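Okay, structure first, notes after.
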Amino acid sequence: MTPKQAQPIEHLSRGPLTRDELAAVIARDIPAGSYVNLGIGQPTLVADHLSPEDAVILHTENGMLGMGPAARDGDIDADLTNAGKIPVTELPGAAYFHHADSFAMMRGGHLDVCVLGALQVSRCGDLANWHTGEPGAIPAVGGAMDLAIGAKNVFVMMDLFTKDGAAKLVESCTYPLTGLRCVSRVYTEYAVIDIDTAAGRLRVRETFGTTVAELAARLPVDL
1 MTPKQAQPIE HLSRGPLTRD ELAAVIARDI PAGSYVNLGI GQPTLVADHL
51 SPEDAVILHT ENGMLGMGPA ARDGDIDADL TNAGKIPVTE LPGAAYFHHA
101 DSFAMMRGGH LDVCVLGALQ VSRCGDLANW HTGEPGAIPA VGGAMDLAIG
151 AKNVFVMMDL FTKDGAAKLV ESCTYPLTGL RCVSRVYTEY AVIDIDTAAG
201 RLRVRETFGT TVAELAARLP VDL
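Here the UniProt record's numbering is used: the first residue of the sequence shown is 1, the next is one more, and so on.
Quick look at the structure:
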């Protein structure tokens, strides 16, 4: 018998979340002791919400384990950056290594969680985050393909809708794919949604400033 699923938590007095607030929610959900890669863009904010008690070890694809929060003012070292070239700090015990070794970690299943941005995510967990397919658009895949297939859990941090109001959580991706059935959870300003990649089902964990019914009415997928 399948265990009864917990009902979604609807935070009606809170939300939609700012990106910083959403980063704090993601940091809360990362298991203690995890090895984690934070993708370029929004996901880098998660580092600022992890505490030493979490014992989370951050990995950057440009060759570092033990990354700390973003560097501020006098802490900035131009030679110490994350993969997005944002100045960061190092924690005690930090290690540096060759780019090839870093990708071996990513591809070899050594990362517990990666947090990536996305242009689209399908109900089956397909990920599109490197190219819109538009003529003249600049592709930027980086290490996303390696992370999508190599990390044990792939979390996506993204806005739920485009500036034009189109949903980014879709039945089937229309942009070039980064990975198939790889996303396990989506974090947006309106909701946190789990994805059952095998069954192609979406389950809302919690909402922010909206109800599940209101959200379902705006999305082209079943929740």
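Backbone N, C-alpha and C define an ideal beta-carbon position, used for all residues, glycine too. Everything numeric in this text was worked out from a predicted model, so none of it was measured.
Check                                                                                                                      : Outcome
Beta-carbon contacts of C114 that lie in its chain and below 6 Å, excluding the five residues immediately before and after : N37, L147, A151 and V154
Sequence-distant residues of the same chain with beta carbon closer than 7 Å to H98, five excluded per side                : G63
Per DSSP, the bridge partner or partners of H99                                                                            : In DSSP, H99 forms no bridge with anything.
Same chain only: Cβ atoms within 8 Å of H11, ignoring 5 sequence neighbours per side                                       : E206, T207, F208 and G209
Rounded C-alpha distance that separates R14 from P43                                                                       : 21 Å
7 Å CB neighbourhood of A217 in its chain, flanking five on each side removed                                              : none
Exposure label - G74; buried when at least 16 CB within 10 Å                                                               : exposed
Local Cβ density within 10 Å of I195, reported as buried at 16 or more and exposed below that                              : buried
In DSSP terms, what E189 is bridged to                                                                                     : None, per the DSSP bridge assignment.
Start-to-end residues for the alpha helix (DSSP H) that takes in R218                                                      : V212 to R218
For T60, the residue or residues it bridges with in DSSP                                                                   : M64
DSSP state of R107 mapped onto helix, strand, coil                                                                         : helix
C-alpha distance - G68 paired with M145, whole-angstrom precision                                                          : 24 Å
Buried/exposed call for A83, threshold 16 Cβ in 10 Å                                                                       : buried
Rounded Cβ spacing between A71 and D77 (contact assumed at less than 8 Å)                                                  : 7 Å
Contact check, L22 vs Y190, beta carbons under 7 Å                                                                         : no
Proximity below 7 Å, CB of L127 to CB of G165                                                                              : no
Check whether S122 and S51 have beta carbons under 7 Å apart                                                               : no
Three-state class that DSSP yields for D77 in the structure shown                                                          : coil
Paired residues, beta bridge with residue 225 - DSSP                                                                       : As displayed, the chain neither begins before 1 nor continues past 223, which places residue 225 out of reach and without an answer.
Option nearest A199 by Cα separation, candidates H59, V212, G108 and R181                                                  : R181
Boundaries (first-last residue) of the alpha helix (DSSP H) holding M145                                                   : A144 to G150
C-alpha distance - D159 paired with K168, whole-angstrom precision                                                         : 8 Å
Span of the beta strand (DSSP E), counted from its first residue to its last, around I9                                    : I9 to H11
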